[in-house]
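K.L.:
Quick one: this structure, given as structure tokens, is what I'll be asking you about.
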């Protein structure tokens, strides 16, 4: 006899299915023992089910497509510096002091922050990858771990038996499982930091492993000047000419793209991780999201690291994305609320190659509950109002409960899987040491 299906019953839910946002009232979501959604429907009789009346609004967990989670240890450092100075003067000197244990505690803190804000999945680019994976496993979050490749650190031994490529292969063998909470990709930092031939080799590795290639592209206006002068074309064209954009590619930031660059992304099915808050804080520019959307480029949302954000909520990104698009185009009709919500959920999941970010049979039961009765949401009259309130009003304090793969990880707005107080104290202690 099969085990009973677990059911969450709610006052309303948002589905985000087939690139469409829909609201259902007095609905329920069924969850199998394997952590996938069995059905989404009106309330059914409780036969053969274990039902919980949770009320409120259920919706897909948010998907953070670009994060450097362990940088919770470096929160807010280098404020006021442009990207090149920020990296060289504030970030890399501190990161040189990091020990694997620091990275694990920093990532645990990041995972707690994200889960309590309703972010159930994050794509991480960093190092000390075993510790990152262990940290997220401890909290119960979902992670795409993309081991970073930095020129000054990894290039000299990249292809050697103990080099970064060998380590990425090991990580993929030991941890990558599309049927679990952990997948592993490949992440050359950027074409201005890693030589183009090495980037191409890492892209080939990602294709061989059938996994994600995650790379910073065109974050600032001038970062690619030397490379582009050498080849006589844009960074995107150079990457395309070297086969880097084949396969499953996620381009973080992508602020300074020309119309021809956007056309290449559309042709190659490159996804973009849009990080508006980080781009604003570093003065990097406004990404041409409206043009990307018009060209059919898939765009998800990312926080970047908290050193340049300074939090991991993703609700800010959800709201800033349409705001920046509207002010830059001087058109209040662009990027409506449903489109923006898709970028934070199902389109982000598509960018990562994951079956999440939607409430549909067969998808992972990565679900968050929002307190729909909160005074800051009222009044709610229509279904469209539900979506509008989530996009324009929601914050971490509105998230009450979170399930990842059907398992509860946040209850009554607090993570239940790890000791958040202990984690906070460790991050305070270790972050203080790094700043000395």
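Numbering (the working numbering), first residue to last: 5 to 440. For every residue, glycine included, the Cβ atom is placed at its ideal position computed from N, Cα and C.
Label residue 303 either buried or exposed according to how many other C-beta atoms from any shown protein chain fall within 10 Å of its C-beta, with 16 as the threshold for buried.
P.N.:
Position 299 of the chain shown, counting from 1, holds the residue named residue 303. Counting Cβ neighbours within 10 Å, residue 303 comes out buried, since at least 16 surround it.
K.L.:
For residue 327, is the classification buried or exposed, using 16 other Cβ atoms within 10 angstroms of its Cβ as the cut-off for buried?
P.N.:
Along the chain shown, one-based indexing puts residue 327 at 323. It counts as exposed.
K.L.:
Find out if the Cβ-Cβ distance for the pair residue 363, residue 33 is shorter than 8 Å.
P.N.:
Counting from one through the chain shown, the residue named residue 363 turns up at place 359. Counting from one through the chain shown, the residue named residue 33 turns up at place 29. Cβ distance < 8 Å, so residue 363 and residue 33 count as in contact.
K.L.:
Considering only residues of the same chain and omitting the five flanking positions on each side of residue 366, which have a CB-CB separation below 8 Å?
P.N.:
Your numbering for residue 366 matches position 362 in the chain shown. Excluding sequence neighbours, residue 366 sits near 40, 41 and 359.
K.L.:
Does the count of Cβ pairs from the region 297–317 and the region 241–248 closer than 8 Å reach three?
P.N.:
No, the region 297–317 is not in contact with the region 241–248.
K.L.:
Which of helix, strand or coil does DSSP assign to residue 317?
P.N.:
Within the chain shown, numbered from 1, the residue matching residue 317 stands at position 313. It is coil, neither helix nor strand.
K.L.:
Classify residue 273 as helix, strand or coil using the three-state DSSP reduction.
P.N.:
Against the chain shown, residue 273 aligns to sequence position 269. Looking at residue 273 - three-state DSSP - the assignment turns out to be coil, as it is neither helix nor strand.
K.L.:
Does the beta-carbon distance from residue 109 to residue 434 come in below 8 Å?
P.N.:
Reading the chain shown from its first residue, position 105 is the one you call residue 109. Reading the chain shown from its first residue, position 430 is the one you call residue 434. Cβ distance < 8 Å, so residue 109 and residue 434 count as in contact.
K.L.:
In the DSSP output, what is residue 149 paired with across the bridge?
P.N.:
The residue labelled residue 149 in the question sits at position 145 within the chain shown. Paired residues: 128 and 188.
K.L.:
Exposed or buried, what is residue 278 when buried is set at 16 or more other beta-carbons lying within 10 Å of its beta-carbon?
P.N.:
What you label residue 278 is simply residue 274 of the chain shown in a count that begins at 1. Buried is the call here.
K.L.:
Given that a residue counts as buried once 16 or more other Cβ atoms are within 10 Å of its Cβ, and exposed if not, what is residue 54?
P.N.:
On the chain shown, position 50 is the one that residue 54 refers to. By the 10 Å Cβ count, residue 54 comes out exposed.
K.L.:
For residue 126, count neighbouring C-beta atoms within 10 Å of its own C-beta (all shown protein chains included) and say buried if the count is 16 or more, exposed if not.
P.N.:
In the chain shown, the residue the question calls residue 126 occupies position 122. Buried: at least 16 other Cβ atoms inside 10 Å.
K.L.:
Check whether the region 370–390 and the region 287–297 are in contact - that is, three or more C-beta pairs closer than 8 Å.
P.N.:
The region 370–390, when compared against the region 287–297, does not touch it at the 8 Å Cβ threshold.
K.L.:
Quick check on the burial criterion: 16 or more other C-beta atoms within 10 angstroms. Buried or exposed for residue 214?
P.N.:
The sequence position of residue 214 within the chain shown is 210, counting from 1. Flag for residue 214 reads exposed.
K.L.:
Which of the three DSSP states, helix, strand or coil, is assigned to residue 217?
P.N.:
The residue you call residue 217 lines up with position 213 of the chain shown. The answer is strand: DSSP assigns residue 217 an E or B state.
K.L.:
Using the DSSP secondary-structure output, state which residues sit across from residue 408 in a beta bridge.
P.N.:
As a position in the chain shown, residue 408 is number 404, starting the count at 1. Note: residue 408 sits in a beta bridge opposite 411.
K.L.:
Please confirm whether residue 288 and residue 259 have their CB atoms less than 8 Å apart.
P.N.:
Numbered from its first residue, the chain shown carries residue 288 at position 284. Numbered from its first residue, the chain shown carries residue 259 at position 255. Yes, these two residues count as a Cβ contact at 8 Å.
K.L.:
Since residue 113 and residue 427 are thought to touch, with beta carbons under 8 Å apart, how far apart are those beta carbons, to the nearest angstrom?
P.N.:
What you label residue 113 is simply residue 109 of the chain shown in a count that begins at 1. What you label residue 427 is simply residue 423 of the chain shown in a count that begins at 1. Sure, about 5 Å apart at Cβ, within 8 Å.
K.L.:
Which residue's Cα is closest to the Cα of residue 2: 196, 281 and 187?
P.N.:
An answer regarding residue 2 cannot be provided, because it is not within the stretch 5 to 440 covered by the chain.
K.L.:
Use the C-beta contact count for residue 165: other C-beta atoms within 10 angstroms, 16 or more gives buried, fewer gives exposed.
P.N.:
Against the chain shown, residue 165 aligns to sequence position 161. Classification of residue 165: exposed, given that the 10 Å Cβ count is below 16.
K.L.:
Quick test of the definition: if touching needs 3 or more C-beta pairs under 8 Å, does the region 383–400 touch the region 75–89?
P.N.:
Judged by Cβ distances under 8 Å, the region 383–400 makes no contact with the region 75–89, as fewer than three pairs qualify.
K.L.:
State the DSSP-derived secondary structure class of residue 154, mapped to helix, strand or coil.
P.N.:
Taking the chain shown and counting its residues from 1, one reaches residue 154 at position 150. Residue state, collapsed to three classes: coil.
K.L.:
Which full runs of the beta strand (DSSP E) of 3+ residues lie inside the region 366–404, going along the chain?
P.N.:
Here the runs fully enclosed are 371–374.
K.L.:
How is residue 332 classed by DSSP in three states: helix, strand or coil?
P.N.:
Counting from one through the chain shown, the residue named residue 332 turns up at place 328. DSSP places residue 332 in helix when its eight states are reduced to three.
K.L.:
Of the choices 101, 31 and 106, whose alpha-carbon is the least far from that of residue 429?
P.N.:
Within the chain shown, residue 429 is the residue found at index 425, counting from 1. Ranking the options by Cα distance to residue 429, first place goes to 106.
K.L.:
Mind checking residue 432: buried by the 16 CB within 10 Å criterion, or exposed?
P.N.:
Working through the chain shown from its first residue, we reach residue 432 at position 428. When all chains shown are included, residue 432 counts as exposed.
K.L.:
So for residue 165, helix, strand or coil by DSSP?
P.N.:
As a first step, residue 165 must be located in the chain shown, where it is residue number 161. Reduced to three states, the DSSP call for residue 165 is coil.
K.L.:
Buried or exposed: where does residue 335 fall if 16 or more other Cβ atoms within 10 Å of its Cβ makes it buried?
P.N.:
Locating residue 335 in the chain shown gives position 331, where the first residue counts as 1. By the 10 Å Cβ count, residue 335 comes out exposed.
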